[in-house]
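Residue numbers (our numbering), protein chains in the order written: chain A, 1 to 112; chain B, 1001 to 1115.
Glycine residues also receive a C-beta, built at the ideal position from the N, C-alpha and C atoms.
Only a predicted model underlies this, so the values are computations on that prediction, with no experimental measurement involved.
Here is the structure we will look at, set down as structure tokens.
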């Protein structure tokens, strides 16, 4: 059974800082890994999708890396802004039926 | 990217009533859709996998008679919470998988409150 862990659970940083969010998973036989953003009381916004054959994906100030063999992914946010404040979820697609398992998320607060 | 909609976005109902939530893929056909539930301060948990034209596959611990899933077309799946109780109050999110790509696109979610 796939298990996804995200560290830290919460993070507070001043505006402008670069930061790294971590995600680890127990079963390395994955199809892909996605990072999402969730604002309070809202749905999910997909940020980046990394296929199992890829090492990283970039979108604007976001960069996600994947090390499948070690079961790790990181989300790097450059020059953080108050608008980046949200919960960031890591989701791993794996298993014979391609089920998605979510981590509990990292709650990020960027202080102006 | 592909767009998935959900209706309603929120619903309040009395205990004992049934509530239907719709999930639609707007610009692609989805043979497989998924239903998730998210309790406060917890992550999303997969409830069931919905395959077009066949019965849904439920995760362990999810009552199939209470959470009825119908995937009658390639663009629509419905989740009906039957005889809802306050403990069913939650945020329900659906997703649809793009064929071959493996990527799932998520709906905006439905906030269910059972009084």
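About 18 Å separates the CB atoms of residue 52 of chain A and residue 36 of chain A; that is not less than 8 Å, and the two are not in contact. Those residues of the region 20–41 of chain A placed with their C-beta closer than 8 Å to a C-beta in chain B are 31, 32, 34, 36, 41, ordered along the chain. As summarised for the region 5–71 of chain A, the continuous beta strand (DSSP E) elements at least 3 residues long and confined to that stretch are 10–14, 19–25, 30–38, 44–51, 56–59, 62–67, given in chain order. If you draw a 10 Å sphere on the C-beta of residue 100 of chain A, you find 16 or more other C-beta atoms in it, and that means buried. Measuring C-alpha to C-alpha distances from residue 105 of chain A to each of B:1033, B:1031, B:1044 identifies B:1044 as the nearest.
Residues of the region 85–112 of chain A that bring their beta carbon within less than 9 Å of a beta carbon in chain B comprise 89, 91, 93, 97, 98, 99, 100, 101, 102, 103, 104, 105, in sequence order. With contacts defined as CB atoms closer than 9 Å, residue 1004 of chain B and residue 1095 of chain B qualify as a contacting pair. Under the DSSP definition of a beta bridge, residue 1033 of chain B partners with B:1050, B:1096. Residues of the region 43–54 of chain A with a C-beta atom less than 8 Å from some C-beta of chain B are 43, 44, 46, 49, 51, listed in chain order. From the listed residues B:1062, B:1006, B:1018, the smallest Cα separation to residue 1085 of chain B is found for B:1018. At a cut-off of 9 Å, the C-beta of residue 1091 of chain B has a neighbouring C-beta in chain A. By the beta-carbon neighbour count (other beta carbons within 10 angstroms, threshold 16), residue 20 of chain A is exposed. Of all residues in the region 1097–1113 of chain B, the ones placed with a Cβ closer than 8 Å to any Cβ belonging to chain A are 1097, 1102, 1103, 1104, 1105, 1106, 1107, 1108, 1109, 1111, in chain order.
Only residues of its own chain outside the window of five on either side were considered, and among them 1085, 1114 have a CB closer than 6 Å to the CB of residue 1015 of chain B, listed in chain order.
Contact between residue 33 of chain A and residue 92 of chain A holds, with the beta-carbon distance rounding to 5 Å and staying under 8 Å.
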